[in-house]
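Trainee: Take this structure first; my questions come after.
In structure tokens form, the structure reads like this:
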């Protein structure tokens, strides 16, 4: 680096400066909304993304003043941890340059980083926020996790108590053997 | 099921570990029928949810987890197999033995006339049976004793048997081979191969042209199929080859393309009638004796499996797995 001539040193500096100016302009144009999570953390979120949240739209319909003022829009059932993930998801999926393969890779990584509890929490948050794309992605992902699993796994996964008596369960399985259903 | 705005599920302390029923419902709608039948035994509320006819309709209409199986009925051998043709033929999880939940009067010779929305239409001694192998739901029509040329069909929307006006049937069918008497459903339209080439649209007939210079007379038989999502023609020269023609653009005669030529010399019975194609584009069909055959897109034999020790009468069709039951009431969905 030290051996580089004067001209090559200044060149990238100039372009970086221009880039920075461009960024400033776009940032000025992009309006933001203030969102407050259930654990009282406030986020400044690009309006283009925040307006994808059904809960935000609904809030603004009732109190339109919130879009301009400094009042934060409260998200009662979303913790900051989940909002960060939701924003990460939407920023990626909103990014114009993201190709189909990038998105697929991103989705896979996004899912891999979540444990089952976090996945369910995120689904609840997505449901509350009313964000269709993420909601569909999460329900489909959970369906994929359980589709080939046995009944016991599913009970544990959802925290469901088995309310069949052992006799009822055996009778049910017997009754349905005709359809070629394999239970385990 | 379109998700409306508002009316979100509130999160209580208990729901931290178990999700609300609305969310469970949304997840279950995205599971294939096979999983849903198994998960009926998770708990009683799941049983009633999955058994609900409204759930069945939403699940069918959402269609994100729709699966297709091959029904392989060998009535003399009392074998009714449901085969997952997307799996390897040699995998034992790829087929399940079913039991018929209804018995025709005497004979056990069923034939399959077609399938729609998960229901198979079977015929046995002039009685028609409509049967969903996933739910066991079935219905039957009165035996027809008069031997008149007639077209009768069951309207799932109207929930009753209907008959077409006889004067619509003015064309003679091609060959006596029984397979050609079964219409091929594509684009919501039934197709038959005939001396005039007819299709049934809204209870009236139109016709589609075969490939230019296509000579039916040189063939042992010819079938209409849906392969790789396209309307197709399988031209069989028995013991020699099967030519697969795909209609790349529906109803455009010039778009017929000879896509695959399957040489049958490696098939033990030297017979191959294509029935459907797998997700990867392989051809799947019957060997006309005891088993099933899979070929790749170059027409080479990939797998062959015999299911019966001796050749037996059998009937095959592809059906979509659904939880729908009769009577089908479309109003229940809305």
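Protein chains in written order, with my numbering: chain A, 25 to 208; chain B, 287 to 620.
Beta carbons are placed, not taken as given, at the ideal position from N, Cα and C, and that holds for glycine.
Which whole-angstrom value describes the C-beta separation of residue 419 of chain B and residue 368 of chain B, a residue pair presumed to lie in contact below a C-beta threshold of 8 Å?
Mentor: Here residue 419 of chain B refers to the residue found at position 133 of the second chain. Here residue 368 of chain B refers to the residue found at position 82 of the second chain. 6 Å between Cβ atoms; contact.
Trainee: What first and last residue would you give for the alpha helix (DSSP H) that runs through residue 78 of chain A?
Mentor: Taking the first residue of the first chain as 1, we reach residue 78 of chain A at position 54. Unbroken alpha helix (DSSP H) run through residue 78 of chain A: 78 to 86.
Trainee: Suppose contacts are defined by Cβ-Cβ distances below 9 Å. Is residue 97 of chain A in contact with residue 84 of chain A by that definition?
Mentor: For the purposes of this step, residue 97 of chain A is taken as residue 73 along the first chain, with counting starting at 1. For the purposes of this step, residue 84 of chain A is taken as residue 60 along the first chain, with counting starting at 1. In this structure, residue 84 of chain A lies closer than 9 Å to residue 97 of chain A by Cβ.
Trainee: Start and end of the beta strand (DSSP E) containing residue 342 of chain B?
Mentor: For the purposes of this step, residue 342 of chain B is taken as residue 56 along the second chain, with counting starting at 1. Counting along the chain, residue 342 of chain B falls outside any beta strand (DSSP E), though it belongs to the alpha helix (DSSP H) covering 339 to 348.
Trainee: For the alpha helix (DSSP H) that residue 118 of chain A lies in, which residues bound it at each end?
Mentor: Residue mapping note: residue 118 of chain A aligns to position 94 of the first chain, counting from 1. From DSSP, the alpha helix (DSSP H) with residue 118 of chain A extends over 104 to 118.
Trainee: Chain A beta carbons: is any one of them nearer than 9 Å to that of residue 374 of chain B?
Mentor: For the purposes of this step, residue 374 of chain B is taken as the residue at position 88 of the second chain. No, because no Cβ of chain A sits closer than 9 Å to the Cβ of residue 374 of chain B.
Trainee: Measuring only the C-alpha atoms, how far is residue 311 of chain B from residue 148 of chain A?
Mentor: Indexing the second chain from 1 puts residue 311 of chain B at position 25. Indexing the first chain from 1 puts residue 148 of chain A at position 124. Taking the straight line from one Cα to the other gives about 13 Å.
Trainee: Can you round the beta-carbon distance between residue 316 of chain B and residue 167 of chain A to whole angstroms, since I take them to be within the 8 Å contact cut?
Mentor: In the second chain, the residue the question calls residue 316 of chain B occupies position 30. In the first chain, the residue the question calls residue 167 of chain A occupies position 143. That belief holds up - the Cβ atoms of residue 316 of chain B and residue 167 of chain A are roughly 4 Å apart, short of 8 Å.
Trainee: Between which two residues does the alpha helix (DSSP H) carrying residue 600 of chain B extend?
Mentor: Taking the second chain and counting its residues from 1, one reaches residue 600 of chain B at position 314. Where residue 600 of chain B is concerned, there is no enclosing alpha helix (DSSP H), given that its DSSP letter is neither H nor E.
Trainee: Is there contact between the stretch 351 to 369 of chain B and the stretch 600 to 611 of chain B, where contact requires at least three CB pairs shorter than 8 Å?
Mentor: Cβ pair count under 8 Å is three or more, so yes.
Trainee: According to DSSP, simplified to helix, strand and coil, what is residue 415 of chain B?
Mentor: Counted from its first residue, the second chain places residue 415 of chain B at position 129. Here residue 415 of chain B sits in strand by DSSP.
Trainee: Can you give me the Cβ contacts of residue 372 of chain B inside the same chain, cut-off strictly under 6 Å, excluding the 5 residues immediately before and after it?
Mentor: Position 86 of the second chain, counted from the first residue, corresponds to residue 372 of chain B. Excluding sequence neighbours, residue 372 of chain B sits near 564 and 565.
Trainee: Which class does residue 175 of chain A belong to by DSSP, given the choice of helix, strand or coil?
Mentor: Taking the first residue of the first chain as 1, we reach residue 175 of chain A at position 151. Here residue 175 of chain A sits in helix by DSSP.
Trainee: Please compile the residues from chain B whose C-beta is within a distance smaller than 9 Å of the C-beta of residue 99 of chain A.
Mentor: For the purposes of this step, residue 99 of chain A is taken as the residue at position 75 of the first chain. Ordered by position in chain B, no residue passes the 9 Å Cβ test against residue 99 of chain A, which lies about 11 Å from the chain.
Trainee: Mapping the DSSP letters down to three states, classify residue 496 of chain B as helix, strand or coil.
Mentor: Looking up residue 496 of chain B in the second chain gives position 210. Coil, per DSSP.
Trainee: Along chain B, which residues have their Cβ under 9 Å away from the Cβ of residue 196 of chain A?
Mentor: Reading the first chain from its first residue, position 172 is the one you call residue 196 of chain A. Ordered by position in chain B, the residues that pass the 9 Å Cβ test against residue 196 of chain A are 326, 327 and 333.
Trainee: Check residue 435 of chain B in the structure and name its three-state DSSP category.
Mentor: Working through the second chain from its first residue, we reach residue 435 of chain B at position 149. Confidence is the limiting factor: at residue 435 of chain B the pLDDT is only 38, short of 50, which leaves the residue's position unreliable and the question unanswerable from this model.
Trainee: Give the DSSP-derived three-state secondary structure of residue 184 of chain A in the structure shown.
Mentor: The count along the first chain starts at 1 and reaches residue 184 of chain A at position 160. Residue 184 of chain A falls in the coil class under three-state DSSP.
Trainee: Which stretch, first to last residue, makes up the alpha helix (DSSP H) that contains residue 355 of chain B?
Mentor: Counted from its first residue, the second chain places residue 355 of chain B at position 69. From DSSP, residue 355 of chain B is part of no alpha helix (DSSP H) but of the beta strand (DSSP E) over 354 to 360.
Trainee: Look at the alpha carbon of residue 328 of chain B and the alpha carbon of residue 173 of chain A, and state the distance between them as a whole number of angstroms.
Mentor: Residue 328 of chain B sits at position 42 when you count from the first residue of the second chain. Residue 173 of chain A sits at position 149 when you count from the first residue of the first chain. When rounded, the distance between both Cα atoms is 12 Å.
Trainee: Have a look at residue 320 of chain B and residue 179 of chain A and give me their C-alpha separation to the nearest angstrom.
Mentor: Translated into positions along the second chain, residue 320 of chain B becomes position 34. Translated into positions along the first chain, residue 179 of chain A becomes position 155. Roughly 17 Å between the two C-alpha positions.
Trainee: If you run the structure through DSSP and keep just helix, strand and coil, what is residue 560 of chain B?
Mentor: Sequence index remark: in the second chain, residue 560 of chain B carries index 274 (1-based). Residue state, collapsed to three classes: strand.
Trainee: For residue 58 of chain A, which beta-bridge partners are listed by DSSP?
Mentor: Residue mapping note: residue 58 of chain A aligns to position 34 of the first chain, counting from 1. In the DSSP output, where bridge partners are listed per residue, residue 58 of chain A has A:68.
Trainee: Strictly by DSSP, which residues pair up with residue 533 of chain B?
Mentor: As a working note, residue 533 of chain B is residue 247 in the second chain. Bridge partners of residue 533 of chain B: B:517 and B:542.
Trainee: At which residues does the beta strand (DSSP E) containing residue 425 of chain B begin and terminate?
Mentor: The sequence position of residue 425 of chain B within the second chain is 139, counting from 1. 424 to 426 is the span of the beta strand (DSSP E), which, as asked, contains residue 425 of chain B.
Trainee: Taking DSSP as the reference, what is the three-state secondary structure of residue 316 of chain B?
Mentor: In the second chain, counting from the first residue as 1, residue 316 of chain B sits at position 30. Of the three classes helix, strand and coil, the one that applies to residue 316 of chain B here is coil, per DSSP.
Trainee: Sorted by chain position, which residues of the same chain lie with C-beta nearer than 7 Å to residue 506 of chain B's C-beta, five sequence neighbours on each side aside?
Mentor: Locating residue 506 of chain B in the second chain gives position 220, where the first residue counts as 1. Same-chain partners within the cutoff: 522, 523 and 524.
Trainee: Following the continuous alpha helix (DSSP H) through residue 144 of chain A, name the residue where it begins and the one where it ends.
Mentor: Residue numbering aside, residue 144 of chain A sits at position 120 when the first chain is read from its first letter. Its alpha helix (DSSP H) spans residues 140 to 153.
Trainee: From this set, A:69, A:185, A:190 and A:145, which residue's C-alpha is nearest residue 94 of chain A's C-alpha?
Mentor: What you label residue 94 of chain A is simply residue 70 of the first chain in a count that begins at 1. Nearest C-alpha to residue 94 of chain A: A:69.
Trainee: Can a CB atom of chain A be found closer than 9 Å to the CB of residue 321 of chain B?
Mentor: Counting from 1 along the second chain, the entry for residue 321 of chain B is found at position 35. For residue 321 of chain B, the answer is yes, since a Cβ of chain A falls inside 9 Å of its Cβ.
Trainee: Any C-beta of chain A sitting closer than 9 Å to the C-beta of residue 522 of chain B?
Mentor: Locating residue 522 of chain B in the second chain gives position 236, where the first residue counts as 1. Cβ-Cβ to chain A under 9 Å: no for residue 522 of chain B.
Trainee: Along the chain, where does the alpha helix (DSSP H) containing residue 167 of chain A start, and where does it finish?
Mentor: Within the first chain, numbered from 1, the residue matching residue 167 of chain A stands at position 143. From DSSP, the alpha helix (DSSP H) with residue 167 of chain A extends over 156 to 170.
Trainee: Strictly under 9 Å for the Cβ-Cβ distance: is residue 178 of chain A near chain B by that measure?
Mentor: The residue given as residue 178 of chain A occupies position 154 in the first chain. Yes - at least one Cβ of chain B is within 9 Å of the one on residue 178 of chain A.
Trainee: Under the criterion of a Cβ to heavy atom distance below 8 Å, does residue 366 of chain B qualify as lining the ligand SAM?
Mentor: For the structure depicted, the ligand SAM is absent and the ligand set is empty, with no information on it obtainable.
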